Each structure stands twice: as C-alpha cells, then as structure tokens.
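Peer 1: Once you've had a glance at the structure underneath, I'll fire off some questions.
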Amino acid sequence: MSQSAKLKYQKIAGQLSNGYLEQQIIRCRDNLVELDFSRLSQIHLETLNQLVESVTSEVGRALIGLTVLQLCVKAIEPTQSVRLH
Numbered sequence: 003m004s005q006s007a008k009l010k011y012q013k014i015a016g017q018l019s020n021g022y023l024e025q026q027i028i029r030c031r032d033n034l035v036e037l038d039f040s041r042l043s044q045i046h047l048e049t050l051n052q053l054v055e056s057v058t059s060e061v062g063r064a065l066i067g068l069t070v071l072q073l074c075v076k077a078i079e080p081t082q083s084v085r086l087h
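Take the position in the sequence shown, starting the count at 1, then add 2; the result is the number in the working numbering.
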C-alpha cells in the first residue's frame with residue numbers, strides 16, 4: 003500500500019471511529035427542515051428516490067447501507083475510489 007493510500011485509509015478509519023456517520027445521521031434526523039435538496043441535480047434526486055423506493059421489507063436494505071457507506075467515505079475523502087470489485 004502506498005503512503006498516500008495509507009494516509010487516506012487512516013483519515014477515513016479515524017473519522018468513522020470518531021462517529022462521523024452517526025453524527026451525520028443525527029444531524030439529518032434532528033434538522034429535517036434544514037435539509038436542502040435543491041442543491042442536488044435532477045438525476046441525483048431521481049437516483050435517491052429510486053433507491054428509497056426499491057427498499058421493501060424483504061430486500062433493498064443492504065443496497066442502501068452500501069450506498070450510504072460509499073457516500074460517507076467520499077464525504078470524508080473525496081479522492082478515495084469506492085469502486086466495487
């Protein structure tokens with residue numbers, strides 16, 4: 003692993019260990035009126051709506067969880083690749 007990759011990993015792991023995702027979830031939950039979806043493009047809004055609508059009691063939760071985790075990693079370190087292999 004390159005030095006750059008190690009630094010990215012440490013940054014991401016540190017932020018997640020310090021509760022970054024939990025803090026973001028709480029911020030969204032407690033400040034619903036302050037969420038501004040108008041800054042999202044139409045395609046991003048449609049994609050989010052399709053993801054939410056795809057969840058049923060039997061399927062879809064893992065896809066949402068994976069998507070949230072990937073977006074979380076990109077928020078912490080925008081240059082980090084989140085491709086799935």
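Here a beta-carbon is modelled for each residue, glycine too, at the ideal position from N, C-alpha and C. Keep in mind the model is a prediction, meaning the values are calculated, not measured.
Exposed or buried, what is VAL54 when buried is set at 16 or more other beta-carbons lying within 10 Å of its beta-carbon?
Peer 2: So VAL54 ends up on the exposed side.
Peer 1: Could you check whether the region 7-20 touches the region 77-85, counting it as contact only if at least three pairs of C-beta atoms, one from each stretch, sit closer than 8 angstroms?
Peer 2: The answer is yes - the region 77-85 touches the region 7-20, with three or more Cβ pairs under 8 angstroms.
Peer 1: Could you name the residues of the same chain whose beta carbon sits closer than 7 angstroms to that of ILE14, not counting the 5 residues immediately before and after it, in chain order?
Peer 2: Closer than 7 angstroms at Cβ, skipping near neighbours: VAL75, ILE78, GLU79 and GLN82.
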